[in-house]
Amino acid sequence: MREWILLWQWQEMAKRKEELNNSLRYLPELAEIKKIKRESEKVQMALAQAEEELERLQQEMEQVSEEIEGMAQRVKRVEAELYSNRARPGRELKSLQQSVTDLKRKQRVMEEKWYGLLERREEVGERHRQLTEQMARLKADGRRLYENWRRRRAEVEEEIKQLEEQMASIDVFLDPRIRALYEEMRAFLGPDVVVRLKGGVCSGCHTAQPVDVVRELAAGQVVRCERCGRVLIPPEEEENRYLH
Ligand SMILES: [Zn+2]
């Protein structure tokens, strides 16, 4: 009987250990870290796009600036010619005036384009700034979650280590033959091989046991549930007399 009570203790620890091992895989921080990772990837992509656009806008603005500069110089040249004191036919004069007007109009259009690009660059710049901030927040959250996860994991691993030590200390007292029998039963009964008899009922399959079984157990014999075949041990309050 004592061996089976010890096996029950061993079994409950093994169950707890299994539970802890499972919990390691499903620590809530792990799911949150994954979520943050996905979000970070999205933000990173948006940041790269914004950077690319900023660079493109910068180049375009430089190009437009150069065009404006070129036009201003052409206007200057035509005006210089126009206002030189050289005598020229009225038709030529008119054509020069027309090109000044045309060039100035084109210049204004280009200037408007330049301002449009500037506005867009400010918008994208603002978006870039917000994304950068968001990225920093995500990174900070990620680090905090990772630290929490590491701490929780360390706690669980410590508990598992303690359980393993306790299980090993029980193992020392067990007859290897009973231990082997237990393992054999576990293969088809599952994790609960040894169960308590509570109020004459098997806690494995919840079947009321015949009086004989209850009496034999009270007499310290090893009995198994007639229905499910699990080994029965007495209720907690009666267990001490078998352990000492
Ligand atoms: Zn049973």
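With my numbering as the guide, the letters of the sequence shown map in order to residues 11 to 254. Just so it is clear, CB atoms sit at the ideal spot from N, CA and C, and this is done for glycine as well.
Taking Cβ positions, are residue i and residue j nearer each other than 9 Å?
i, j, result
"LEU207", "MET23", "no"
"VAL9", "GLN21", "Outside the shown range of the chain, which is 11 to 254, sits residue 9, and nothing can be said about it."
"ARG196", "GLY214", "no"
"GLY152", "ILE46", "yes"
"GLU13", "ASP185", "yes"
"ARG237", "LEU17", "no"
"ALA58", "VAL134", "no"
"LEU141", "VAL53", "yes"
"MET11", "TYR192", "no"
"PRO245", "LYS25", "no"
"LEU64", "ARG131", "yes"
"VAL223", "CYS235", "yes"
For residue i, write down the residues that DSSP places opposite it in a beta bridge.
i, result
"CYS238", "Its beta-bridge partners do not exist; DSSP assigns none."
"ILE243", "ARG206"
"ALA190", "In the DSSP output, where bridge partners are listed per residue, ALA190 has none listed."
"ALA218", "VAL211"
"VAL233", "LEU242"
By Cβ distance, which residues of its chain are closer than 8 Å to residue i, with the 5 residues on each side in sequence left out?
i, result
"GLU249", "ILE15 and ILE243"
"SER75", "TRP124"
"LYS27", "ILE170, LEU173, GLU174 and MET177"
"HIS138", "LEU57, ALA60, GLU61 and LEU64"
"LEU113", "MET81, ARG84, VAL85 and VAL88"
Am I right that residue i and residue j are in contact with their C-beta atoms under 8 Å? What's the rounded C-beta distance?
i, j, result
"LEU103", "VAL88", "Rounded, the Cβ-Cβ distance is 11 Å, inconsistent with contact."
"GLU169", "LEU30", "6 Å"
"GLU121", "ILE78", "6 Å"
Got a sec? Which residues, its chain only, sit under 6 Å from residue i by beta carbon, not counting five neighbours each side?
i, result
"ARG50", "The sequence shown places Ser at residue 50, not Arg. Correct list, in chain order: LEU148."
"SER109", "VAL88"
Going by beta carbon distance, what residues of the same chain come within less than 7 Å of residue i, once the five residues before and after it are set aside?
i, result
"SER256", "Residue 256 lies beyond the residue range present for the chain, which begins at 11 and ends at 254; the question has no answer from this structure."
"TYR156", "ILE43"
"LEU227", "LEU207, VAL233, LEU242 and PRO244"
"GLN144", "VAL53"
Check your understanding: How about the stretch 157-167 and the stretch 68-79: do they share at least three Cβ pairs that are nearer than 8 Å?
Key -> no
Check your understanding: Is it a yes or a no for the stretch 80-97 touching the stretch 116-130, going by three-plus beta-carbon pairs under 8 Å?
Key -> yes
Check your understanding: Is there contact here, the stretch 216-224 with the stretch 33-50, by at least three beta-carbon pairs under 8 Å?
Key -> No, because fewer than three Cβ pairs between the stretch 216-224 and the stretch 33-50 fall closer than 8 Å, the two stretches do not touch.
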